[in-house]
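Student:
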Amino acid sequence: MSRLINQQILLKNYPIAEPQESDFALVETELPELGESEILNRTIYLSLDPYIRGRMSDRASYATPAELGKVMVGSTVSQVVKSNHPKFSVGDFVVGYDGWQSYGISKGETLRKLDPNQVPLSYALGITGMPGMTAYFALLDIGKPKAGETVVVSAASGAVGAVVGQIAKIKGCRAVGIVGSEEKCKYVVDELGFDACINRKTQDLSAALKATCPHGIDVYVDHTAGPILEAVLQQINLGARIPLVGLISQYNAEKLPPGPNLMPLLVKRALIRGVLVGDYQERHAEFIKDVSLWLQAGKLKYREDIVQGLEAAPSAFIGLLQGKNFGKLIVQVSDDPTKK
């Protein structure tokens, strides 16, 4: 009996600035026989997230670098197709970290079973997964919004930002988004219910922030750093909180730009704190309980940007870093049996 062929996308080079498709390699390999307690998973969905860019480097960071010549890292939703593990059966749906490949083999330590009857499987890579959890704890645990306060979020139409703004509204706050197109602004206000939105590409940020946040900014959930953070700092209120989720403006920079003027942080006695979702794994149940209730009540809306085929992952990922995606970016690697 012939073995299954596994398509994989490997990291060929550490990009100097913006990643190129030539930094990746698509290869095919035969899958080995399963060992004791091992599980073979067929990848259905692959998550593409900005944090991956930070791992495409040999510089020290909070996570180990992606290895050259190895499968690109990434979260996946898969179906178990063969199992030597007592806790996983053929047909189970799981979320894990099999990376950019059509099949993954694991011992189950990082896998979590999914109930396909609750929400669509792909949600486990977005609103009920790492991005949603990041939004939830960044805003509620670090931002600590109070009813009536103003919450601003950059990359507001993305997987994390869209959830931040909607939770802010649930908590009785004024929500203002910052995005890169009129289409995204319209979506954020008309569909997600934000109070206002700023197009960073066509509007003067400082003037727009003054107009949309006349009483100042109490919470700013930052995905970008750079000029947007600089402009926001000029409008923060006393005791403002700034959860730092990402640094999109710097991920492809060959040289780090000068930092922002930090005087407003001192004068306003503001807090700025980095957010890594791994610090909150023990509170996963708390997150799922609230988000599930909000989804069921129609208080949270969610948009996915799904591209087809593993081979599309490199170009889609490059587009993500350029802001071309509209919603949570996901690669559909194989058929989703729950949608037949």
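Taking the numbering used here, the leading residue of the sequence shown gets 40, the next gets one more, and so forth. Each residue gets a CB set at the ideal place from its N, CA and C atoms; glycine is no exception. If you're wondering where the values come from, they're calculated on a predicted model, not measured in any experiment.
1) Using 10 angstroms around the beta-carbon of L305, count the other beta-carbons present and answer buried if the total reaches 16, otherwise exposed.
2) So, are the CB atoms of E269 and N238 less than 8 angstroms apart?
3) Roughly how many angstroms lie between the CA atoms of D62 and Y101, to the nearest whole one?
4) By how many angstroms is the C-alpha of Y259 removed from the C-alpha of G278?
5) Assuming the contact rule is C-beta atoms closer than 8 angstroms, I48 and V110 should be a hit. Round their C-beta distance to whole Å, please.
6) Inspect the beta-carbon positions of V116 and L87 and report whether they are closer than 8 angstroms.
7) Mark D137 as exposed unless 16 or more other C-beta atoms lie within 10 angstroms of its C-beta, in which case mark it buried.
8) Output the distance between the C-alpha atoms of V314 and G147, rounded to the nearest integer angstrom.
9) In this structure, how does DSSP classify M40 when only helix, strand and coil are distinguished?
10) When you compare only the Cα positions, how much space is there between T167 and E75?
11) Pull up the CB-CB distance for S196 and I267, whole angstroms please, since I reckon it's below 8 angstroms.
12) Assign H262 to buried or exposed, taking buried as 16 or more other Cβ atoms, counted over all protein chains shown, within 10 Å of its Cβ.
13) Taking just the CA atoms, how far does D257 sit from A309?
14) DSSP three-state call for A279: helix, strand or coil?
15) Closest by CA to G211, which one among V316, G187, C224?
16) Would DSSP call I55 helix, strand or coil?
17) Express the C-alpha separation of P89 and M40 in angstroms, rounding to a whole number.
18) Tell me, please, which residues DSSP counts as bridged to I256.
19) Measure the beta-carbon distance from K249 to Q274 and round it to whole angstroms, keeping in mind my assumption that it falls under 8 angstroms.
20) W139 and L85: beta carbons closer than 8 angstroms?
21) Does DSSP put L79 in a helix, a strand or coil?
22) Around the Cβ of E281, are there at least 16 other Cβ atoms within 10 angstroms (buried) or fewer (exposed)?
23) Just to confirm the assignment: which complete beta strand (DSSP E) runs, minimum length 3, are found wholly within the region 218-264?
24) To which residues of the same chain is T149 closer than 7 angstroms at the C-beta, ignoring the five residues directly before and after it?
25) Give the secondary structure of A195 by DSSP, where H, G and I count as helix, E and B as strand, and everything else as coil.
26) Write down the C-beta distance between G216 and V227 rounded to the nearest angstrom, noting that I regard them as a contact closer than 8 angstroms.
27) Return the CA-CA distance between G366 and D344, expressed in angstroms with no decimal places.
28) Could you say which of V330, G232, G182, G255 lies nearest to I311 if we only look at CA atoms?
29) Given this structure, state the Cα-to-Cα distance separating E67 from W333, to the nearest angstrom.
30) Decide if S128 is buried, meaning its Cβ has at least 16 other Cβ atoms within 10 Å, or exposed.
31) Is N80 closer than 8 angstroms to S161 when the C-beta atoms are compared?
32) Any idea what DSSP makes of V306, helix, strand or coil?
33) Taking 8 angstroms as the cut-off, does the region 362-377 touch the region 338-352 (at least 3 CB pairs, one atom from each stretch)?
34) Provide the residue span of the beta strand (DSSP E) that contains Y142, from first to last.
Tutor: With the structure as the only source:
1) Its Cβ having fewer than 16 others within 10 Å, L305 is exposed.
2) Cβ atoms of E269 and N238: not closer than 8 angstroms.
3) Going by C-alpha positions, D62 is about 22 angstroms away from Y101.
4) Looking at the backbone, the Cα of G278 and that of Y259 are separated by about 12 angstroms.
5) That pair is a contact at about 7 angstroms.
6) No, they are not a contact pair.
7) D137 comes out buried.
8) Rounded to whole angstroms, V314 to G147 spans 27 angstroms at the Cα level.
9) Any reading at M40 must be qualified, since the residue scores a pLDDT of 46, below 50, and its modelled position is unreliable; no value is offered.
10) Here the C-alpha atom of T167 lies approximately 31 angstroms from the C-alpha atom of E75.
11) The C-beta separation of S196 from I267 comes to about 14 angstroms, leaving the pair out of contact by the 8 angstroms criterion.
12) The residue is buried, with at least 16 neighbouring Cβ atoms inside 10 Å.
13) Approximately 9 angstroms between the Cα atoms of the pair.
14) Correct three-state label for A279: strand.
15) Taking only the C-alpha atoms, the option nearest G211 is G187.
16) The answer is coil: DSSP assigns I55 none of H, G, I, E or B.
17) With a pLDDT of only 46 at M40, under 50, the local geometry of the prediction cannot be trusted, and the value read off the model is given with reservation. The alpha-carbon separation between M40 and P89 amounts to approximately 41 angstroms.
18) Answer is I275, bridged to I256.
19) Taking a contact as a CB-CB distance under 8 angstroms, the pair K249 and Q274 counts as one, their CB atoms being some 7 angstroms apart.
20) In this structure, L85 lies closer than 8 angstroms to W139 by Cβ.
21) The three-state reading of DSSP puts L79 in strand, counting E and B together.
22) Reading off the sequence shown, one finds Ile at residue 281, where the question assumed Glu. Residue burial is scored here from C-beta neighbours: I281 has at least 16 other C-beta atoms within 10 angstroms and is therefore classed as buried.
23) Here the runs fully enclosed are 235-238, 256-260.
24) For T149, the CB contacts under 7 angstroms within the same chain, skipping 5 residues up- and downstream, are G135, Y136 in chain order.
25) In the displayed model, A195 falls within coil according to three-state DSSP, outside both helix and strand.
26) Rounded to the nearest angstrom, the Cβ distance from G216 to V227 is 4 angstroms, consistent with a contact under 8 angstroms.
27) Whole-angstrom Cα-Cα distance: 5 angstroms.
28) The shortest Cα separation from I311 among V330, G232, G182, G255 belongs to G182.
29) E67 and W333 have their C-alpha atoms spaced approximately 42 angstroms apart.
30) With fewer than 16 Cβ atoms within 10 Å of its Cβ, S128 is classed as exposed.
31) Taking 8 angstroms as the cut-off, the Cβ atoms of S161 and N80 do not count as close.
32) Collapsing the DSSP output to three states places V306 in a helix.
33) Enough Cβ pairs lie closer than 8 angstroms, so yes.
34) Per DSSP, Y142 belongs to the beta strand (DSSP E) from 142-145.
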